[in-house]
């Protein structure tokens, strides 16, 4: 191992968020052509094989292109800088689908472990991760999610990390945003899924601790994720006379909920969205339907420069949700392998916190600069493009930014500002 010297520096969060684009230059596909023998095996000199477990189908399929792009951009830049331990990084993309199609992720994980993936980046859905995580970490394969926010995943396993903050951060920002807008009585339309109920619990706590009331959407009011008729649910919520409505759901349910709220006469400017359903709806609704509505999304808006890099990988990319976090996930795994001088998952796992900056060191940006410092025996503080801080003891980011977005008369949202939060 290289002898290391530590130069303590203050942890700084990257101000720009970069988001990476679609599948370009992947070394393997669903046929597993670039497989390594045996789940989790590997040593110095082997090619680092990254598997992805990201949504190509299902209710979160809109997240797949930017997340896959983020990984592919990182791999492209890593390989352009000489790869990891003298070999190009390889990628195998698999579909996670969603929790309603659990067999898809289960099969994908089986394939990735058979191929010998050293790390799996995913899933996007916390529930999908909870369905497969024991198989992944039980094989001592590293798992790094770019989008999981469910609180119950904090500290789940030494082999599970995430580059998205837990719901304690987004929920705190959302609850305070609603209160700051003058709404004391909040109705929550939330589906009965770990992501939904966990985020609801945080928002409810913030509202109630500050003298507000959650009039609808507390425990027992959740709806089934497969629900298709929201007339009664929306009617029950509006009967409690809320000042505002928070919709905590995915994009499968959200358009139906929005239309029912409109049908029942709710003022949609007092509606709040979250990362699971924050998207540009455009012509899905009549012009002006969502004018003035707001939403929250972990991360800061990507800089023009980073968007440009992503567009070079996928010119058709329209959304950037969690692309930066996916990019960071791939970068951190690669840098941890460099520091460990091994691609064996247990060795990489032991260096993940260090390269994120948990042990102090020299701030650096991108693979080439950071890997050069590691080669010189330096500890590093990787400057995450998503703006997250170093991993804490639960393998969560120690700090993160939450973006606040505003919908216009065309039912599209635009970035307004960020709120910074530390993980509690």
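Numbering (mature numbering (1 follows the signal peptide of the UniProt record, and there is no 0)), first residue to last: -22 to -1, 1 to 402.
All C-beta atoms in this analysis are idealised placements derived from N, C-alpha and C, irrespective of residue type, glycine included.
What you are looking at is a predicted structure, and each value in this text was computed from that prediction instead of being measured.
- With respect to residue 308, residue 28 sits close: the two C-beta atoms are nearer than 8 Å.
- Distance from the CA of residue 226 to the CA of residue 50, rounded to the nearest whole angstrom, comes to 30 Å.
- Contact check between the region 30 to 49 and the region 322 to 341: fewer than three CB pairs, one atom from each, fall below 8 Å, which does not count as touching.
- Burial state of residue 58 is exposed, judged by a 10 Å Cβ sphere holding fewer than 16 other Cβ atoms.
- Nearest neighbour of residue 197 by Cα position, chosen from 167, 313 and 362, turns out to be 167.
- Closest in C-alpha terms to residue 216, from the list 120, 202, 230 and 246, comes 246.
- Closest by C-alpha distance to residue 74, out of 61, 42 and 154, is 42.
- In this structure, the alpha-carbon of residue 138 lies about 11 Å from that of residue 116.
- Straight-line spacing of the CA atoms in residue 333 and residue 234 works out to 44 Å.
- Taking each of 120, 67 and 350 in turn and checking the Cα distance to residue 91, the smallest one comes out for 120.
- Here the region 371 to 381 lies against the region 270 to 281, with 3 or more beta-carbon pairs under 8 Å apart.
- The bridge partners DSSP lists for residue 100 are 31.
- About 7 Å separates the beta carbon of residue 401 from that of residue 144, a gap short enough to meet the 8 Å contact definition.
- Burial check for residue 353: the Cβ neighbour count within 10 Å stays below 16, so the residue is exposed.
- In the structure shown, residue 273 falls within a strand segment according to DSSP collapsed to helix, strand and coil.
- Of the other Cβ atoms in all chains shown, 16 or more fall within 10 Å of the Cβ of residue 44; this residue is therefore buried.
- Taken through DSSP and simplified to helix, strand or coil, residue 175 comes out as helix.
- If you draw a straight line from the Cα of residue 187 to the Cα of residue 107, it is about 31 Å long.
- Counting only runs of at least 4 residues, the region 72 to 134 fully encloses the following alpha helix (DSSP H) elements, listed from N- to C-terminal order: 80 to 93 and 104 to 116.
- In the three-state scheme derived from DSSP, where H, G and I count as helix and E and B as strand, residue 267 is classed as coil.
- Rounded to the nearest angstrom, the Cβ distance from residue 321 to residue 63 is 7 Å, consistent with a contact under 8 Å.
- When rounded, the separation of the alpha-carbon atoms in residue 150 and residue 65 is 43 Å.
- Inside the region 218 to 297, DSSP marks whole beta strand (DSSP E) runs of 3 or more residues at positions 222 to 226, 249 to 251 and 272 to 276, from first to last along the chain.
- Within the same chain, and ignoring the five residues on either side of residue 100 in sequence, the residues whose Cβ sits closer than 7 Å to its Cβ are 30, 31, 32, 74 and 123.
- If you draw a straight line from the Cα of residue 252 to the Cα of residue 390, it comes to about 14 Å.
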